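Residue numbering for the sequence shown follows the working numbering, beginning at 113 and increasing consecutively.
Quick reminder that beta carbons are idealized off the backbone N, C-alpha and C, glycines included.
Source: prediction; values computed, not measured.
Heads up: the structure comes next, in structure tokens.
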Amino acid sequence: MDYANDPELNGKYLGTITKDFATVSDTLLEASSQVRKMDISKYPIFVFARQEVPLGSLLVNADELNLEWHVFASFLELFVQQGIVSTEGIEAFQSTYKDADEYCCLFVLDKEFTNFVYIPYPED
Numbered sequence: 113m114d115y116a117n118d119p120e121l122n123g124k125y126l127g128t129i130t131k132d133f134a135t136v137s138d139t140l141l142e143a144s145s146q147v148r149k150m151d152i153s154k155y156p157i158f159v160f161a162r163q164e165v166p167l168g169s170l171l172v173n174a175d176e177l178n179l180e181w182h183v184f185a186s187f188l189e190l191f192v193q194q195g196i197v198s199t200e201g202i203e204a205f206q207s208t209y210k211d212a213d214e215y216c217c218l219f220v221l222d223k224e225f226t227n228f229v230y231i232p233y234p235e236d
């Protein structure tokens, strides 16, 4: 699996993900900070999915905020336990992981597209 931004991320996904991300980015940045501060993981991952998925904890319910994407809080070690990132792929994932204070690591999960995407947090 390619752990860097996927150049094939088409406009359909980018538009809806960006719109929802703008709404929840403060929540995700705070959650990312807490995951790292509490030494849960150095690699927080936020799963964007249109339906409930067993990947982490539900952080943002799309239905409650009138969004298209649910957001689940997760992290690298859980992705390894669940077999999404292989033990051989850990180093590759870590080497492509961007600064968590500046970029949000999303795992976009949908029928036509499943991949990691890094989106910069908005500057205040």
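Check whether the Cβ atoms of residue 231 and residue 216 sit closer than 8 Å, and answer yes or no.
-> yes
Identify the continuous alpha helix (DSSP H) that holds residue 207 and give its terminal residues.
-> That run of the alpha helix (DSSP H) goes 202–208.
Would a C-beta distance cut-off of 8 Å place residue 212 and residue 144 closer than the cut-off?
-> Against a cut-off of 8 Å, the Cβ pair of residue 144 and residue 212 comes out as a contact.
My guess is that residue 244 and residue 222 are in contact by the Cβ rule of under 8 Å, so how many angstroms apart are they, rounded?
-> Examination of residue 244 is not possible in this model, given that the chain is present from 113 through 236 alone.
Measure the alpha-carbon distance for residue 185 versus residue 133 and round it to whole angstroms.
-> 14 Å
Would DSSP call residue 172 helix, strand or coil?
-> strand
Specify the secondary structure class of residue 198 as computed by DSSP and reduced to three states.
-> coil
Identify whether residue 159 lies in helix, strand or coil by the three-state DSSP scheme.
-> If DSSP states are grouped into helix, strand and coil, residue 159 belongs with the strands.
In three-state DSSP terms, what is residue 113?
-> Only weak support is given to the placement of residue 113: the predicted model assigns it a pLDDT of 47, under 50, and the question is left unresolved by the model.
Per DSSP, cross-strand counterpart(s) of residue 220 = Residue 220 is bridged to 160, 227.
Considering only C-alpha positions, which residue in the set 219, 140, 214 is nearest to residue 167?
-> 219
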